[in-house]
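Count along the sequence shown starting at 1, add 971, and that's the number in the working numbering. Backbone N, C-alpha and C fix where the C-beta goes; we use that ideal spot for every residue, glycine too. For clarity, every value in this text was computed on a predicted model and none was experimentally measured. Scroll down for the structure; my scribbles are underneath it.
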Amino acid sequence: MTSYDENHESVMETPFGYLEGLNFTVGTPLKPFHAKVALGIAYAYNAIGEFRFRPPITVPSFSLASTKRYERHCFPNKNYPGVKDFNEDCLFLNIFMPDDESTPMPAAGFPVLFFIHGGMFNYGASDDLDLTAIVKNYVQRGIAVITVNYRLGPFGFFQTRAKHFSYNIGLWDLEKAFEFILLSSDKLRFDRTKITLGGVEGGAVLAELLSLREEVRANISGLILVGGSLLTPWAISPGVYDASLKLAKELGIDTTDPRDIVYGIKMAYASSLIEKREMTKELSQDSRDFVEFTPDFDHEFFYFSTLKRTFYEAREIDQGYYSVFNERTGIRLGKQQKYTCQNFEEFVQKHFKNESQSDEILAEYNCTSSTNATTVTPFEIYKTFIGDFWFNIPAALTAMLYAELENNVFVTILNTSDIGYEKYTDSKEMPSIILNEAYLFSHKNPYNLDETKAEKELYKSTQNLILDSITNFVKKNHTNLHKLDPYAYQTLKFGYADIENGTQIIETEKAFNEKLPFWRNFFRKYGFDLLNPRLDDGHDLFYFEGL
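Laid out in structure tokens, this is it:
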């Protein structure tokens, strides 16, 4: 049973005004669960005209706002057929919380999960996260959930060297949304000592970046990252400025004067900006550049211009990692069987132009064209490399880094084998964005396939393990989590929880990733800036005494 009643509104109070939302019910007629839901809450002034490319302004006070529908989406990085509800006036958030009748409120209030949608900083919206699933998966477990829209693509991450021009507009939006919730926490009866930031893929990177800003970090108790971290090569692209100039030129702003660029880009129609953006060739010369518009370290949103210094100065908070093996290949299924070792060699040499570096990588991954029943195919080697370099190794190194900085780090590895996904796509590899849909924000197996009873039970038991881990972390109940040894980086092994086939196993002896020793030594030798260019030279990433 799922229903909402517009005739019996759920009224929430904030310092800005009252929110007239919905009573949302899940469960059964004999055992219903009631939630209070407020959708499309404006948390800032509109971001159009003169306010384009500026940090948002606090929303003015209001008496009563109707919050029963999701509001407009922020413009993505490209047009999507059939989807028209895009607007620059898009800064809205949503609140989902237990009703007092269904869940007795803890004395200090409800714990909060502030979750940021993914989309590689360039697409997506808060209503991508299913309403029913949020209530069933999280609110019914006793926590409040916040989801939020933020500016995307060039609207959120355009760069120019002009004075008084802010980078990281999307991050400024998220900070303003967080401020709205923080200021409203007493009246909404949220527990301010238990506010956790979370995100998936690009949303995970933004959550981690947001946590490095002192105004936010001082008010959160934890961080949950799914399929992304700051050390991932695509998290902070060195090519954003060049991509911004290229877009300006396509718009007819043929100048290098920053002031003229700012004026021209502010005056351009949003539709023209998206249209011209689609005409520009995507950056692909370097693996760190496959996302054009990303966050970056500046001297305004961040107090330090390097990732290492920012990490070092950050105060202690709990950390939670829920990492998946994400092999985003970009190669069509028909070509995968034809993929050769020569293709792999050319790919590695393209991204690591230093011959010594590419030779070491090729030797470690040891591609061979010989085929037999036990041989790993060239394409499988390519997938392993992509998953290692772009997702798994950065997540492991980030976890080690936080542990060394004396944070409490809990690592959960989800085995990506999924029967429904395999049937649906003929693939065993599950990207983190699919994990988001299949387990975190789905209330049933989303593939619409006929399932056996055993398959249904496996899906549900796996989902419950993941959701219980997350909600326990938000509540700061760590009884079923396994803490990372802060000195694990010295042995290149660390304990973690492995969820596989509906069961959770604590691994303390097994290496998280067999390639971790190679990559750790590789970056120590050649510099961690090969992983992410904002790491200085990066040779001493794990040793902060010299700062």
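- For I1477, there is no enclosing alpha helix (DSSP H); the residue is found in the beta strand (DSSP E) stretching over 1474-1478.
- Judged by DSSP secondary structure, T1355 falls within the alpha helix (DSSP H) whose first and last residues are 1349-1358.
- Judged by their CB atoms, L1064 and Y1014 are nearer to each other than the 8 Å cut-off.
- Bounds of the beta strand (DSSP E) holding P1003 are 1003-1013.
- In this chain, R1040 is not harboured by any beta strand (DSSP E), its DSSP state being neither H nor E.
- DSSP places M1371 in the uninterrupted alpha helix (DSSP H) bounded by 1364-1375.
- Looking only at I1364, L1084, N1314, Y1373, the smallest Cα-Cα distance to F1499 is reached by I1364.
- About 6 Å separates the CB atoms of I1195 and I1441; that is less than 8 Å, so the two are in contact.
- Closest option to F1151, judged by alpha-carbon separation, among L1202, L1123, L1218, P1031: P1031.
- The Cβ atoms of V1211 and T1265 lie closer than 8 Å to each other.
- With contacts defined by Cβ atoms closer than 8 Å, L1100 and C1045 do not form a contacting pair.
- Under DSSP, the beta-bridge partners assigned to I1470 are L1385, Q1475.
- Nearest Cα to I1191 within the set L1153, F1323, D1144: L1153.
- DSSP assignment within the stretch 1051-1119 yields the following whole alpha helix (DSSP H) runs of 4 residues or more, N-terminal first: 1102-1108.
- Relative to N1058, the option among P1003, A1018, D1231 whose CA is nearest is A1018.
- Annotated three-state conformation of L1180 is helix, per DSSP.
- Distance between M1091 and G1173, taken at the CA atoms: about 4 Å.
- Across the set G1198, F1412, N1416, L1501, the C-alpha of G1198 shows the shortest separation from the C-alpha of L1385.
- Closest option to I1470, judged by alpha-carbon separation, among R1184, L1438, I1232, L1159: L1438.
- Closest by C-alpha distance to Y989, out of G1011, K1002, S1034, is S1034.
- At a Cβ-Cβ threshold of 8 Å, I1332 and F1323 count as neighbours.
- N1120 sits close to L1062, with the two beta carbons spaced by under 8 Å.
- Under the three-state reduction of DSSP, R1188 is assigned to helix.
- The continuous alpha helix (DSSP H) containing K1147 extends over residues 1140-1159.
- Here DSSP, grouped into helix, strand and coil, assigns T1281 to helix.
- Only exposed fits R1230, as fewer than 16 other CB atoms lie within 10 angstroms of its CB.
- Here DSSP, grouped into helix, strand and coil, assigns R1491 to helix.
- It is roughly 45 Å from the alpha-carbon of P1003 to the alpha-carbon of A1482.
- Apart from sequence neighbours up to five positions away, the residues of its chain that approach R1163 with a beta-carbon distance below 6 Å are S1156, ordered along the chain.
- In this structure, E1221 and K1247 form a Cβ contact; the two beta carbons are roughly 4 Å apart against a cut-off of 8 Å.
- Within its own chain, the residues whose Cβ lies closer than 6 Å to the Cβ of Y1430, once the five positions on either side in sequence are excluded, are N1416, listed in chain order.
- Within the model, the alpha-carbon separation for L1244 versus F1350 is close to 37 Å.
- Looking at the DSSP output, G988 bridges to T985.
- Across the structure, G1235 and D1228 are spaced so that their CA atoms are roughly 11 Å apart.
- Looking at the DSSP output, G1193 shares a beta bridge with T1167.
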